[in-house]
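Student: Here it is, the structure, as structure tokens.
There are 2 protein chains.
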Amino acid sequence: MISPSSYRTHPSPFESGLRSDGKRMTPQRKKVLSLFEEIGSGIHLSAEEVHSKLTISGEKVSLATIYRTLRLLVKMTFLNELDLSEGGNRFELLSHDHPDHHHLICIRCGRTEEFENNEVINAGKAAAENFGFKLLESSLNVRAVCPMCLNK
Amino acid sequence: MISPSSYRTHPSPFESGLRSDGKRMTPQRKKVLSLFEEIGSGIHLSAEEVHSKLTISGEKVSLATIYRTLRLLVKMTFLNELDLSEGGNRFELLSHDHPDHHHLICIRCGRTEEFENNEVINAGKAAAENFGFKLLESSLNVRAVCPMCLNK
DNA sequence: TAGCGTAATGAGAACCGCTTGCAACACAAA
DNA sequence: TTTGTGTTGCAAGCGGTTCTCATTACGCTA
């Protein structure tokens, strides 16, 4: 039997996730998530790119809403956020004795841990040799979420 | 014999590097580099932090000059720059295979080559596990000089 | 299915980190 | 000391992101 409101045949994980949190499904939110589903995983888009892609295909969603929706989708773990924006770039003294810097960076709080790994050093050396470059230094940045931020 | 200008007993690598490039040593540049030397390697500061640390210790260097000096020190390979965030955050559909980006970058002309290396990927995974972080993405940046620029 | 409370949107101002243009300054060579 | 030009400080500008607030509209309930 079909009740008047049962046109929602398959409430998506997104929709039910929203509902269970007192939030609402809107056309704008659908459009943003659909865009990512269409292009598939492994491709990164900036907020600006999401905006222009939607605009080009005739969908009008304001930039402010896109930013809000992206944050929401990240919090709901439908999207992955790359790059650390808070605090801007950082600098450290380059020690010429140990020309390798490996960092594990929490993208939420900025917490940074250093670590050493010889294979990474060798990979840098090998790549430089392969292309005929003269190696100066190599740095591995691992973007991750630290335990503290995971539990928030 | 001591000529009038020979009070410079030990022109530092920084100073001679500047000189050989038609650039000048200034109190501001000295102060910025000294700050990094005092705190030692392995500690990262943002431009803003450099500015406030200098201000607190009574040194007046404008923020604009600090940004210019940091860029200069990076180009001269005295400092290491972390997190070159290429214009804002990016988002991607969450998937469980972690993308990795490895780049060989010529610091003179900007030429960039990509390469793949599984050991690097594994090193990132291992480090994240060690510290209890949830891995998102790792990127290895190898700073080097390309063959073309070597012959100039 | 109409009414209602409140979440969400759009538009623009505000903000933040960073860069740039420009006039004044100061190294360093003559 | 003079002079040329690299450097600085200030303020304006810029790109990305967040905030404010009036308006809109989702979806619960009667």
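Respectively, the protein sequence lines represent chains A and B. Position one of the first sequence corresponds to residue 67 (this note's numbering), numbered consecutively onward. Position one of the second sequence corresponds to residue 67 (this note's numbering), numbered consecutively onward. We put the CB at the ideal spot given by N, CA and C, even for glycine.
1. Kindly say whether residue 199 of chain A, judged by its beta-carbon, lies nearer than 8 Å to any beta-carbon of chain B.
2. Any idea which residues DSSP pairs residue 200 of chain A with across the strands?
3. Output yes if chain A places a C-beta closer than 8 Å to the C-beta of residue 130 of chain B; else output no.
4. Within this structure, are the beta carbons of residue 194 of chain A and residue 130 of chain B separated by less than 8 Å?
5. For the beta strand (DSSP E) that residue 178 of chain B lies in, which residues bound it at each end?
6. Taking only the alpha-carbon atoms, compute the straight-line gap between residue 88 of chain B and residue 95 of chain A and give it to the nearest angstrom.
7. For a contact meaning CB atoms closer than 9 Å, what does residue 179 of chain A contact in chain B?
8. Closer than 8 Å, CB to CB, is residue 153 of chain A near chain B or not?
9. Using only the alpha-carbon positions, how far apart do residue 137 of chain A and residue 202 of chain B sit?
10. What residue range does the alpha helix (DSSP H) around residue 117 of chain B cover?
11. Under 8 Å, Cβ to Cβ, is there at least one residue of chain A near residue 134 of chain B?
12. Buried or exposed, going by whether 16 or more other CB atoms sit within 10 Å of the CB of residue 151 of chain A?
13. Excluding the 5 residues preceding and the 5 following residue 113 of chain A in the sequence, name in chain order all residues of the same chain whose CB lies nearer than 8 Å to its CB.
14. For residue 82 of chain B, which of helix, strand or coil comes out of DSSP?
15. Compare the beta carbon distance of residue 169 of chain B and residue 182 of chain B with 8 Å and say whether it is the shorter of the two.
16. Can you grab the Cα-Cα spacing for the pair residue 119 of chain A / residue 126 of chain A, in whole Å?
17. Assuming residue 189 of chain A contacts residue 206 of chain B (C-beta within less than 8 Å), just tell me the rounded distance between them.
Tutor: If we stick to the structure as given:
1. Translated into positions along the first sequence, residue 199 of chain A becomes position 133. Yes, residue 199 of chain A counts as interfacial toward chain B.
2. Taking the first sequence and counting its residues from 1, the one referred to as residue 200 of chain A is at position 134. B:211.
3. Translated into positions along the second sequence, residue 130 of chain B becomes position 64. No, residue 130 of chain B lies away from the interface with chain A (no Cβ there is under 8 Å from its Cβ).
4. In the first sequence, the residue the question calls residue 194 of chain A occupies position 128. In the second sequence, the residue the question calls residue 130 of chain B occupies position 64. At the C-beta level, residue 194 of chain A and residue 130 of chain B stay beyond 8 Å of one another.
5. Translated into positions along the second sequence, residue 178 of chain B becomes position 112. 178-180 is the extent of the beta strand (DSSP E) around residue 178 of chain B.
6. Stepping through the second sequence from its first residue, residue 88 of chain B is reached at position 22. Stepping through the first sequence from its first residue, residue 95 of chain A is reached at position 29. If I take the Cα positions, the gap works out to 55 Å.
7. The count along the first sequence starts at 1 and reaches residue 179 of chain A at position 113. 193, 196, 197, 199, listed in chain order.
8. Along the first sequence, read from residue 1 onward, the residue named residue 153 of chain A stands at position 87. Caution is warranted here: a pLDDT of 48 is assigned to residue 153 of chain A, below 50, making its placement in the model unreliable, and the coordinate value is therefore given only provisionally. True, the Cβ-Cβ gap to chain B drops below 8 Å.
9. As a working mapping, residue 137 of chain A is identified with position 71 in the first sequence. As a working mapping, residue 202 of chain B is identified with position 136 in the second sequence. In a straight line, the C-alpha of residue 137 of chain A is about 16 Å away from that of residue 202 of chain B.
10. Within the second sequence, residue 117 of chain B is the residue found at index 51, counting from 1. 113-122 is the span of the alpha helix (DSSP H), which, as asked, contains residue 117 of chain B.
11. Within the second sequence, residue 134 of chain B is the residue found at index 68, counting from 1. Taking Cβ atoms only, chain A never reaches closer than 8 Å to residue 134 of chain B, which makes this a no.
12. Position 85 of the first sequence, counting from 1, holds the residue named residue 151 of chain A. For residue 151 of chain A, the predicted model reports a pLDDT of 44, less than 50, meaning its position is unreliable and no value from the coordinates is stated.
13. Position 47 of the first sequence, counted from the first residue, corresponds to residue 113 of chain A. A distance below 8 Å between beta-carbons, with the five flanking residues on each side excluded, links residue 113 of chain A to the following residues of its chain, in chain order: 129, 132, 133, 136.
14. Indexing the second sequence from 1 puts residue 82 of chain B at position 16. Residue 82 of chain B falls in the helix class under three-state DSSP.
15. Residue mapping note: residue 169 of chain B aligns to position 103 of the second sequence, counting from 1. Residue mapping note: residue 182 of chain B aligns to position 116 of the second sequence, counting from 1. No, these two residues do not count as a Cβ contact at 8 Å.
16. Taking the first sequence and counting its residues from 1, one reaches residue 119 of chain A at position 53. Taking the first sequence and counting its residues from 1, one reaches residue 126 of chain A at position 60. Going by the C-alpha atoms only, they are around 10 Å apart.
17. Locating residue 189 of chain A in the first sequence gives position 123, counting from the first residue. Locating residue 206 of chain B in the second sequence gives position 140, counting from the first residue. Between residue 206 of chain B and residue 189 of chain A the Cβ distance is about 7 Å, and since that is below 8 Å, they are a contact.
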